[in-house]
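One structure is given here, and the rest of the page talks about it.
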Amino acid sequence: MWENLLLGAVATLVLVVVLMGTMMWLALEGWVIRPLTELTAAVRVVSSGGIRREIRPAGTGEVALLAMHVETMRRDLVHQVEEIRLSHQEVENAHTLLSEKTRELERSNRDLEQFAYVASHDLQEPLRKVASFTQLLQKRYGGALDSRADQYIEFAVDGAKRMQGLIQDLLSFSRVGRTGVAREDVDLEGVLTAALSELSDRITETGAEIEHDPMPEVHGERALLQQLFVNLVGNSLKFRDPERPPVVRIEVRSMRAHWEISVVDNGIGIDAQYAERVFVIFQRLHSREQYAGSGIGLSLVKRIVEYHKGRIWIEPAAGGGTIVRFTLARRQGQPGAGRLSTERAQSTTLG
Numbered sequence: 001m002w003e004n005l006l007l008g009a010v011a012t013l014v015l016v017v018v019l020m021g022t023m024m025w026l027a028l029e030g031w032v033i034r035p036l037t038e039l040t041a042a043v044r045v046v047s048s049g050g051i052r053r054e055i056r057p058a059g060t061g062e063v064a065l066l067a068m069h070v071e072t073m074r075r076d077l078v079h080q081v082e083e084i085r086l087s088h089q090e091v092e093n094a095h096t097l098l099s100e101k102t103r104e105l106e107r108s109n110r111d112l113e114q115f116a117y118v119a120s121h122d123l124q125e126p127l128r129k130v131a132s133f134t135q136l137l138q139k140r141y142g143g144a145l146d147s148r149a150d151q152y153i154e155f156a157v158d159g160a161k162r163m164q165g166l167i168q169d170l171l172s173f174s175r176v177g178r179t180g181v182a183r184e185d186v187d188l189e190g191v192l193t194a195a196l197s198e199l200s201d202r203i204t205e206t207g208a209e210i211e212h213d214p215m216p217e218v219h220g221e222r223a224l225l226q227q228l229f230v231n232l233v234g235n236s237l238k239f240r241d242p243e244r245p246p247v248v249r250i251e252v253r254s255m256r257a258h259w260e261i262s263v264v265d266n267g268i269g270i271d272a273q274y275a276e277r278v279f280v281i282f283q284r285l286h287s288r289e290q291y292a293g294s295g296i297g298l299s300l301v302k303r304i305v306e307y308h309k310g311r312i313w314i315e316p317a318a319g320g321g322t323i324v325r326f327t328l329a330r331r332q333g334q335p336g337a338g339r340l341s342t343e344r345a346q347s348t349t350l351g
């Protein structure tokens, strides 16, 4: 009898344990496993790109709290993505606007260049007649009239000559990049020699000393590069210090993708506040009575350098004077950072 009671008790205990285990499993499955499975599936959808899908709270207690935290993270992510999208849209709009403005500026520049070219070209012939006849008038009637008439005639001749020079400079400025000449590998040694030969009378007249490093090969338009050196060295001679003979050094530095060339002189110098202004067309720092010229020289220099994809700037020289630095692209296939960047080659002196 005791054995039957013990067996019944054991059976009852086993049944209770099974029932409790089943209830615990059902509770665990309903409160933890299924909510976590649903949460995992929802997170998987969000991580796959469906960030707009709301993650609904599931389960109770810690599981529900976890779902709420995940939903908060999703909303923050949606907000951040929206901010990034708006930022990208603003950048794209700004880029589109900038592209439109750039195209408008290019059209405006082309129109302005065309106007400058046509105006300067068409003005040459009538101005040539004016200059010619005023010179004939001066030659024929100079001294035959009173002094005031001679002065008026002189003003007319001088004005015509200056206008001719101005138109020629303006025509040169407008022609940069319009010649249709293909760019080529250019030996700047020969270009500089030709430029100094063109300036030989002024070099002799001023007693100038011209020094230069061995010049590299660059990729560009030969005639424009010669004009570049004529203008820069000519400026150094023009704005020389009256207290000392002019010395001009042309230094070369090898960079990774280009050559940096510096024209260093011991002239009167340029105040730092005017370092940008001097490159603006028709801008003058000195009166015409002090230094002749049209005010186009450095504007033309900048235009030539920028046409060759370089940049130009001005620095004060130690002890007085001016340094004009500019960059030019290497010749095609030329390696960068060569010997000239670390070891200064022997210079050549002219004078």
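According to my numbering, the residues represented by the sequence shown are 1 to 351, in order.
The beta carbon of each residue, even a glycine, is placed where N, CA and C say it ideally should be.
Got a sec? Which residues, its chain only, sit under 7 Å from Met163 by beta carbon, not counting five neighbours each side? For the purposes of this step, residue 163 is taken as residue 163 along the sequence shown, with counting starting at 1. Excluding the 5 residues flanking it on each side, Met163 has same chain C-beta neighbours closer than 7 Å at Leu127, in chain order.
Could you please give me the residues that DSSP links to Leu209 through a beta bridge? Here residue 209 corresponds to residue number 209 of the sequence shown, with the count starting at 1. The amino acid at residue 209 is misidentified as Leu; the sequence shows Glu. Glu209 is bridged to Val247.
The stretch 202 to 214 in contact with the stretch 150 to 166 per 3-pair CB rule at 8 Å: Not touching, per the Cβ criterion.
Taking the Cβ atom as the reference point for each residue, do Gly220 and Val186 lie within a distance shorter than 8 Å? The sequence position of residue 220 within the sequence shown is 220, counting from 1. The sequence position of residue 186 within the sequence shown is 186, counting from 1. Taking 8 Å as the Cβ cut-off, Gly220 and Val186 qualify as a contacting pair.
Mapping the DSSP letters down to three states, classify His308 as helix, strand or coil. For the purposes of this step, residue 308 is taken as residue 308 along the sequence shown, with counting starting at 1. DSSP places His308 in coil when its eight states are reduced to three.
With a cut-off of 8 Å on the beta carbons, I'd call Arg330 and Val191 a contact; round off their distance for me. Mapped onto the sequence shown, residue 330 falls at position 330. Mapped onto the sequence shown, residue 191 falls at position 191. Contact doesn't hold; Cβ gap of about 15 Å is too wide.
Look at the Cβ atom of Asn266, then the Cβ atom of Ala317, and state whether they are nearer than 8 Å. As a working note, residue 266 is residue 266 in the sequence shown. As a working note, residue 317 is residue 317 in the sequence shown. At a Cβ-Cβ threshold of 8 Å, Asn266 and Ala317 count as neighbours.
Among Glu104, Gln138, Ile250, Val230, which has the Cα closest to the Cα of Ile153? Sequence index remark: in the sequence shown, residue 153 carries index 153 (1-based). It is Gln138 whose Cα lies nearest to the Cα of Ile153.
What residues are listed by DSSP as bridge partners for Asp185? Reading the sequence shown from its first residue, position 185 is the one you call residue 185. Note: Asp185 sits in a beta bridge opposite His219.
Along the chain, where does the beta strand (DSSP E) that runs through Asp265 open and close? Residue numbering aside, residue 265 sits at position 265 when the sequence shown is read from its first letter. Per DSSP, Asp265 belongs to the beta strand (DSSP E) from 258 to 265.
Quick one, which of Val252, Leu105, Ile296 has its alpha-carbon nearest Val324's? Here residue 324 refers to the residue found at position 324 of the sequence shown. Each of Val252, Leu105, Ile296 was checked against the Cα of Val324, and the nearest Cα belongs to Val252.
Is Gly297 buried or exposed, if buried means 16 or more other CB atoms sit within 10 Å of its CB? The count along the sequence shown starts at 1 and reaches residue 297 at position 297. By the 10 Å Cβ count, Gly297 comes out buried.
Range of the contiguous beta strand (DSSP E) that encloses Leu328: The residue given as residue 328 occupies position 328 in the sequence shown. Boundaries of the beta strand (DSSP E) around Leu328: 322 to 329.
Per-residue burial, His95 [other beta carbons within 10 Å of its own, 16 or more giving buried]: The residue you call residue 95 lines up with position 95 of the sequence shown. It is exposed - the Cβ of His95 has fewer than 16 other Cβ atoms within 10 Å.
Pair within 8 Å by beta-carbon distance, Glu209 and Val181: Counted from its first residue, the sequence shown places residue 209 at position 209. Counted from its first residue, the sequence shown places residue 181 at position 181. Remark: C-beta atoms of Glu209 and Val181 do not approach each other more closely than 8 Å.
Hey, out of Phe326, Leu13, Thr322, Glu198, whose CA is closest to Tyr307's CA? Here residue 307 refers to the residue found at position 307 when the sequence shown is read from its first residue. Nearest option by C-alpha distance: Phe326.
Arg311 versus Gln151 - alpha carbon distance: In the sequence shown, counting from the first residue as 1, residue 311 sits at position 311. In the sequence shown, counting from the first residue as 1, residue 151 sits at position 151. Cα to Cα, Arg311 sits roughly 45 Å from Gln151.
Let me check understanding here. Comparing Cα to Cα, which of Met255, Ala144, Leu145, Ala156 lies closest to Ser132? For the purposes of this step, residue 132 is taken as residue 132 along the sequence shown, with counting starting at 1. Closest by alpha carbon: Ala156.
I need the straight-line Cα distance from Arg277 to Glu315, nearest angstrom please. The residue labelled residue 277 in the question sits at position 277 within the sequence shown. The residue labelled residue 315 in the question sits at position 315 within the sequence shown. The alpha-carbon atoms of Arg277 and Glu315 are separated by roughly 13 Å.
Status (buried if at least 16 other CB within 10 Å, exposed otherwise) for Gln89: In the sequence shown, counting from the first residue as 1, residue 89 sits at position 89. By the beta-carbon neighbour count (other beta carbons within 10 angstroms, threshold 16), Gln89 is exposed.
Between Glu198, Met68, Met20, which lies nearest to Val43 when the distance is taken from Cα to Cα? Residue mapping note: residue 43 aligns to position 43 of the sequence shown, counting from 1. Minimum Cα distance to Val43 is reached at Met68.
Look at Val176 and Arg303 and say whether their C-beta atoms are less than 8 Å apart. The residue given as residue 176 occupies position 176 in the sequence shown. The residue given as residue 303 occupies position 303 in the sequence shown. Their beta carbons are under 8 Å apart, which means Val176 touches Arg303 by this criterion.
Residues of its chain near Gly321, where Cβ-Cβ distance is below 6 Å and the 5 sequence neighbours each way are ignored: Taking the first residue of the sequence shown as position 1, residue 321 is located at position 321. Around Gly321: Asp265, Asn266, Gly267, Gly269.
Is the beta carbon of Leu237 closer than 8 Å to that of Val301? Translated into positions along the sequence shown, residue 301 becomes position 301. Translated into positions along the sequence shown, residue 237 becomes position 237. Result no, Cβ atoms of Val301 and Leu237 do not sit closer than 8 Å.
Is the beta carbon of Arg249 closer than 8 Å to that of Glu211? Position 211 of the sequence shown, counted from the start, is the residue given in the question as residue 211. Position 249 of the sequence shown, counted from the start, is the residue given in the question as residue 249. Yes; because the gap between Cβ atoms is below 8 Å, this pair is in contact.
Looking only at its chain, what residues have a beta carbon closer than 8 Å to the beta carbon of Gly319, apart from the 5 residues adjacent to it on each side? The count along the sequence shown starts at 1 and reaches residue 319 at position 319. If we look at Gly319 and ignore the five residues flanking it on each side, its Cβ neighbours are Asn266.
Alpha carbon to alpha carbon, what distance is there between Leu145 and Val130? Numbered from its first residue, the sequence shown carries residue 130 at position 130. Numbered from its first residue, the sequence shown carries residue 145 at position 145. Cα to Cα, the separation comes out at about 20 Å.
Considering Cα atoms alone, identify which of Leu199, Leu6, Ser262 is closest to Pro216. Locating residue 216 in the sequence shown gives position 216, where the first residue counts as 1. Looking at the Cα atoms, Ser262 is the closest of the given residues.
Cβ pair Glu198, Val230 closer than 8 Å: What you label residue 198 is simply residue 198 of the sequence shown in a count that begins at 1. What you label residue 230 is simply residue 230 of the sequence shown in a count that begins at 1. Yes; because the gap between Cβ atoms is below 8 Å, this pair is in contact.
Is DSSP giving Ile167 helix, strand or coil here? If you number the sequence shown from 1, residue 167 lands on position 167. Of the three classes helix, strand and coil, the one that applies to Ile167 here is helix, per DSSP.
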